[in-house]
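**Student:**
Number of protein chains: 2
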Amino acid sequence: MIGTPLLPEIRELIERRNFSALQRIFNDWLPVDLAELISDLPENEQAILFRLLPKDVATETFEYLDLDAQENLLTALTQKDVTHILNSMSADDRTALLEELPGTVAQELLKLLSFKEFKIAKTLLAYAEDSVGRLMSPDYLSVKKDWNINQVLEYIRTYGHESETLNVIYVVDDHGKLKGELMARELLLSSPDSKVRDIVSEDKIITLTATQDQTDALEAFKRYDTVALPVVDSNGYLIGLVTVDDMLDVAEEEETEDIQKFGGIEALEEPYIDLPIPQLIKKRAVWLVVLFIGEMLTASAMAFFQDELAKAIVLATFIPLIISSGGNSGSQAATLIIRSLALGEISIRDWWNVMRREIISGFALGGMLGIIGVLRVVLWAMIFGQLTLQWIFIGITVGISLVGIVLFGTLAGSMLPLLLKHWGLDPATSSAPFVATLVDVTGIVIYFSVASLLLSGILL
Amino acid sequence: MIGTPLLPEIRELIERRNFSALQRIFNDWLPVDLAELISDLPENEQAILFRLLPKDVATETFEYLDLDAQENLLTALTQKDVTHILNSMSADDRTALLEELPGTVAQELLKLLSFKEFKIAKTLLAYAEDSVGRLMSPDYLSVKKDWNINQVLEYIRTYGHESETLNVIYVVDDHGKLKGELMARELLLSSPDSKVRDIVSEDKIITLTATQDQTDALEAFKRYDTVALPVVDSNGYLIGLVTVDDMLDVAEEEETEDIQKFGGIEALEEPYIDLPIPQLIKKRAVWLVVLFIGEMLTASAMAFFQDELAKAIVLATFIPLIISSGGNSGSQAATLIIRSLALGEISIRDWWNVMRREIISGFALGGMLGIIGVLRVVLWAMIFGQLTLQWIFIGITVGISLVGIVLFGTLAGSMLPLLLKHWGLDPATSSAPFVATLVDVTGIVIYFSVASLLLSGILL
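Chains G and X, in that order, are what the protein sequence lines are.
Using the UniProt record's numbering, the first residue of the first sequence is number 1, and each one after it goes up by one.
Using the UniProt record's numbering, the first residue of the second sequence is number 1, and each one after it goes up by one.
1) For a contact meaning CB atoms closer than 8 Å, what does V227/X contact in chain G?
2) Under a three-way DSSP split, which group does T215/X fall into?
3) For E269/G, does the three-state DSSP call read helix, strand or coil?
4) So, helix, strand or coil for L238/G, using DSSP?
5) Grouping DSSP H, G and I as helix and E and B as strand, with all else coil, what is residue 461/G?
6) Taking only the alpha-carbon atoms, compute the straight-line gap between E255/X and E255/G and give it to the nearest angstrom.
7) Buried or exposed: F115/X, going by 16 or more other Cβ atoms within 10 Å of its Cβ?
8) Along chain G, in chain order, which residues have C-beta atoms closer than 7 Å to that of D440/X?
9) On the premise that Q306/G lies in contact with I313/X, defined as a C-beta separation below 8 Å, what is that separation, rounded to the nearest angstrom?
10) The beta strand (DSSP E) with Y170/X in it runs from where to where?
11) Please list the terminal residues of the continuous alpha helix (DSSP H) segment that includes K55/X.
12) Taking beta-carbon pairs under 8 Å, can you tell me which members of the stretch 339 to 355 of chain G lie near chain X?
13) Give me, in chain order, the residues of the same chain whose beta-carbon lies closer than 6 Å to that of S190/X; leave out the 5 immediate sequence neighbours on both sides.
14) For P118/X, collect the residues of the same chain with a Cβ closer than 7 Å to its Cβ; drop the 5 residues on either side in sequence, then sort them by chain order.
15) Write down every uninterrupted run of the alpha helix (DSSP H) in the stretch 281 to 361 of chain G whose length is 4 residues or greater and which is fully enclosed by it, in chain order.
16) Since P230/X sits in a beta bridge, which residues does DSSP pair it with?
17) According to DSSP, what are the bridge partners of S131/G?
18) Listing by chain order, which chain X residues have their CB less than 9 Å from the CB of residue 484/G?
19) Determine the extent of the beta strand (DSSP E) in which K179/X is found, giving its start and end residues.
20) Give the list of continuous alpha helix (DSSP H) stretches no shorter than 4 residues that lie fully inside the stretch 67 to 124 of chain G.
21) Give the residues of chain G in contact with I10/X, contact being defined as C-beta atoms less than 7 Å apart.
22) Would you mind telling me which residues of chain G sit closer than 9 Å to H161/X, beta carbon to beta carbon, in chain order?
23) Can you pull the chain X residues whose beta carbon is under 8 Å from the beta carbon of P42/G, in chain order?
24) Quick check on K195/X - is its C-beta less than 8 Å from some C-beta in chain G?
25) Here's the rule: buried if 16 or more other CB atoms are within 10 angstroms of the residue's CB, otherwise exposed. What is G373/X?
26) Is S137/G helix, strand or coil when you go by DSSP?
27) Taking the alpha helix (DSSP H) that W391/G falls in, what are its first and last residues?
28) Whose CA, out of D258/G, V82/G and K179/G, lies closest to the CA of A47/G?
29) Look up S142/G in the DSSP assignment and give the residues it is bridged to.
30) Check whether the Cβ atoms of G344/G and V403/G lie closer than 8 Å to each other.
31) Report the rounded CA-to-CA distance for V441/G versus S324/X, giving the unit in angstroms.
32) What are the residues of the stretch 400 to 425 of chain X that lie near chain G, defined by any Cβ-Cβ distance shorter than 7 Å?
33) Taking DSSP as the reference, what is the three-state secondary structure of L188/G?
34) Would P276/X pass as a contact of M302/G if the rule is Cβ separation under 8 Å?
35) Return yes when the Cβ of L238/G is within less than 8 Å of the Cβ of Y170/G, no when it is not.
36) Looking only at DSSP bridge pairs, what is N27/X linked to?
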């Protein structure tokens, strides 16, 4: 029941170089907490503390460190220590480290690996980024169908120490083809002399392939509520496994990407604070410029209504208010629909149901804003003692325009993601700002059209 | 290795009432796939198919069904079947079902439970929504320290069938106080005659409490990469466990809530498509109205610059273009910062580092849009053969305003979430539209101020 690290105390012990006291304290700590402490230290102290850890804890702690601290330790530790860590760390964590390092550094580190680990590392690095292969661990246990449970238990005790998980054991035939899986649960509940073949059912194994996208794996884990899934090659031979603890990280990465795309930014490959500023600018510039060029249409629309504008400058006053309401209602609708699509709550087939709901919502929301808008215009005129028929008509123009624009916003916001999906595009990409831009242009046209109709002879 | 359900074939068998063939097919299916098929069927056919399933598969399939299908089956099945399902389904899934049902229906169903299950259900329902208690399963195994592994294995074989997971077994003292955990891995790797006390370490157990928020549990699972965590009461007595498979759902719910808040909607408690329209409107109306009232300041700002506007109507033409650029750059910045805060990549202490990055980014992005803006104005004037010194000055006004507004947008978008966090508020709430509204008002002021300076004597 470990709490937050007692940093002031630790700090004092470091200052006083009281390493034996530190070692005693660290003995009670979990690797993940040790890793957090070390990551928080200045770079020159990280290696000092890391060397205090017993060998077996050291590797696990290293796996939990953030990338910066890992890189720092790789340069600060002796080659012997680095060799030990790289050879003993789990294959999937090693892949994640090597893929982030500069190519030449990674090549140097690969040379430190034993022949067996070198082969594994090379194989895993050969899979595409964001593929299941990069998460895969080749450290699994496999047993044969004609064994009995006692034999399996013996086998696990002898060979299981290296295995990534023992929550599931795989059953393969003589050629290594995956034939079934034996959950720890089944293993523990079965009587010791029952045969593997009597426990394992063949038909119902869910498998992944190494080249599949990691999001497919995430979907499979969500769907089948399991702790590990086997990875097979195209011929059905078992080549590794993926465990559920990696999935929470995949889910987090996915979410970050979705949110960034939605906010009109290309997905960042690194944390915001670590990304070099030129790249940060580049990730934002593309969509910002695209939207800016799109938004230029508003200037053209405004120019088109120049005569109306000249006759009634007061109309210009309400343009930002009106078009922003369309943008806000549009991004609300886009948010709802994109998320529902992502969760599989709705599909393209539901378009009419969605449209019906959005028409009703759009009228209701537009009506509310419309009433508030009319009140705003009329009350202001009253307060400033200028209430004339003109102002009442301007108020009505603003009100009716708001209904139209909010309605258009909800429809554009809800239908555009469905259309993008229908065309095979990603509905999330920059949807909110894109909808806002579309709605801005349309909003101006709606507003001036309503004004032309209502105010001709009065103001225009 | 099951694929997508063969729906046309299934449909034909249902039409022809060939139940024995259906039963044969279903024999090879996983509960989750059966659940998907049943959920997709019209309500009147769901019970027909569900009754074909063997009893043990039926309960598990029921657990995977979506809520609508579960509700439908509860009314369509015999009381005997309902009683069996409710008593045999896992406690956490049952809690999720009962909490969604209308109070009176839930009360009726509770009466069908055995005394033991009734007590469990009542206890779990007493915990707050979104608390760990609602995810908790009371079906765990606990053993004593002085047992040896063989005794533990015997105990599991006898009593483990009901347990939610066997990937971890808990060690308690004579009073039920949690003393340690025994992972399936340790259990399987240890020699049968070793003692539990020699394998389990006491100091390093991570625990949850039933009243904690589910997001705390999610954080703990992410941090400690584990498959299950024990839940204890305030005195350290073991009362249940939470398994990692529920965490993917919590992560998904969390993400949905974040995205919805970010898009300016109150978090929906039900899927979009199931939410009654009046509620859908209500969830959107609050923020839409708040933002609308905020955006009214734009009208006041415009009215303040009425004289400038009257002298140079052409200025109005570029207002939507200019303020939307500020809004877009602001929501980009807000997206980045809110996400980084949520991931713990940055904290309030980093405000100066963030501000520095955003000032540089803002100048660069504003500069790009500014140059494009000047070109747009000047080129249009050239194309229409109106290129005068006036137009060049208007172009420069637009360009400089864009730099100022984009810079302000990035600063507002990045600093507002940090400020909200500093004040103890949720940085995600409605940030993107709120920033856009703030930037709209400021944008108008910046634009007209630049115009007053640059164009006085020329246009103004």
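Even for Gly, the Cβ is constructed at its ideal location relative to N, Cα and C.
Quick caveat: nothing in here was measured; it's all calculated off a predicted structure.
**Tutor:** Straight from the coordinates:
1) As a position in the second sequence, residue 227/X is number 227, starting the count at 1. In chain order: N167, V227, V244 and D245.
2) As a position in the second sequence, residue 215/X is number 215, starting the count at 1. Note: T215/X maps to helix in three-state DSSP.
3) Walking along the first sequence from the start, residue 269/G turns up at place 269. Note: E269/G maps to coil in three-state DSSP.
4) Position 238 of the first sequence, counting from 1, holds the residue named residue 238/G. Strand, per DSSP.
5) Since the first residue of chain G shown is 1 and the last is 460, residue 461/G is not available in this structure.
6) Taking the second sequence and counting its residues from 1, the one referred to as residue 255/X is at position 255. Taking the first sequence and counting its residues from 1, the one referred to as residue 255/G is at position 255. E255/X and E255/G: Cα-Cα distance of roughly 7 Å.
7) Taking the second sequence and counting its residues from 1, one reaches residue 115/X at position 115. It counts as exposed.
8) Position 440 of the second sequence, counting from 1, holds the residue named residue 440/X. The contacting residues are P320 and S324.
9) On the second sequence, position 313 is the one that residue 313/X refers to. On the first sequence, position 306 is the one that residue 306/G refers to. Yes, they are in contact, since the Cβ atoms of I313/X and Q306/G sit about 7 Å apart, within 8 Å.
10) On the second sequence, residue 170/X is found 170 positions in, with the first residue counted as 1. Counting along the chain, Y170/X sits inside the beta strand (DSSP E) bounded by residues V168 to V172.
11) Start at 1 with the first residue of the second sequence, and residue 55/X comes out as number 55. Its alpha helix (DSSP H) spans residues K55 to Y64.
12) Residues R339, S340, L343, E345, I346, D350, N353 and V354.
13) The residue you call residue 190/X lines up with position 190 of the second sequence. The answer, listed in chain order, is I149 and I199.
14) Reading the second sequence from its first residue, position 118 is the one you call residue 118/X. In the sequence under discussion, the amino acid at residue 118/X is Phe, which differs from the Pro named in the question. Counting only Cβ-Cβ distances below 7 Å, and skipping sequence neighbours, we find L110.
15) 306 to 311, 314 to 317 and 319 to 343
16) As a first step, residue 230/X must be located in the second sequence, where it is residue number 230. Answer by DSSP bridge pairing, in chain order: L241/X.
17) Here residue 131/G refers to the residue found at position 131 when the first sequence is read from its first residue. In DSSP, S131/G forms a bridge with D213/G.
18) Any question about residue 484/G goes unanswered here, given that chain G covers just 1 to 460.
19) Position 179 of the second sequence holds residue 179/X. First-last of the beta strand (DSSP E) with K179/X: L178 to M183.
20) DSSP runs (the alpha helix (DSSP H)) wholly in the stretch 67 to 124 of chain G: 67 to 76, 79 to 88, 91 to 100 and 103 to 110.
21) Numbered from its first residue, the second sequence carries residue 10/X at position 10. Those do not exist, as I10/X stays about 17 Å from chain G at its closest Cβ, beyond 7 Å.
22) The residue labelled residue 161/X in the question sits at position 161 within the second sequence. Neighbours of H161/X on chain G, chain order: L189.
23) If you number the first sequence from 1, residue 42/G lands on position 42. Under the 8 Å cutoff, chain X gives no residues; its nearest Cβ is about 16 Å from P42/G.
24) Locating residue 195/X in the second sequence gives position 195, counting from the first residue. No, because no Cβ of chain G sits closer than 8 Å to the Cβ of K195/X.
25) Counting from one through the second sequence, the residue named residue 373/X turns up at place 373. G373/X should be labelled buried.
26) Taking the first sequence and counting its residues from 1, the one referred to as residue 137/G is at position 137. In this structure, S137/G counts as strand in the three-state DSSP scheme.
27) Against the first sequence, residue 391/G aligns to sequence position 391. Start and end: L389 to H422.
28) Numbered from its first residue, the first sequence carries residue 47/G at position 47. Closest by alpha carbon: V82/G.
29) As a first step, residue 142/G is located in the first sequence; it is residue number 142 there, counting from the start. Partner(s): Y170/G.
30) Counting from 1 along the first sequence, the entry for residue 344/G is found at position 344. Counting from 1 along the first sequence, the entry for residue 403/G is found at position 403. Taking 8 Å as the Cβ cut-off, G344/G and V403/G do not qualify as a contacting pair.
31) As a first step, residue 441/G must be located in the first sequence, where it is residue number 441. As a first step, residue 324/X must be located in the second sequence, where it is residue number 324. Distance between the alpha carbons of V441/G and S324/X is about 11 Å.
32) Those residues of the stretch 400 to 425 of chain X that come within reach of chain G (Cβ to Cβ, closer than 7 Å) do not exist; the list is empty.
33) Within the first sequence, numbered from 1, the residue matching residue 188/G stands at position 188. Under the three-state reduction of DSSP output, L188/G falls in the helix class.
34) Locating residue 276/X in the second sequence gives position 276, where the first residue counts as 1. Locating residue 302/G in the first sequence gives position 302, where the first residue counts as 1. Not closer than 8 Å, so no.
35) Here residue 170/G refers to the residue found at position 170 when the first sequence is read from its first residue. Here residue 238/G refers to the residue found at position 238 when the first sequence is read from its first residue. Yes, the Cβ-Cβ distance between Y170/G and L238/G is below 8 Å.
36) As a working note, residue 27/X is residue 27 in the second sequence. Answer is none; N27/X lacks a bridge partner.
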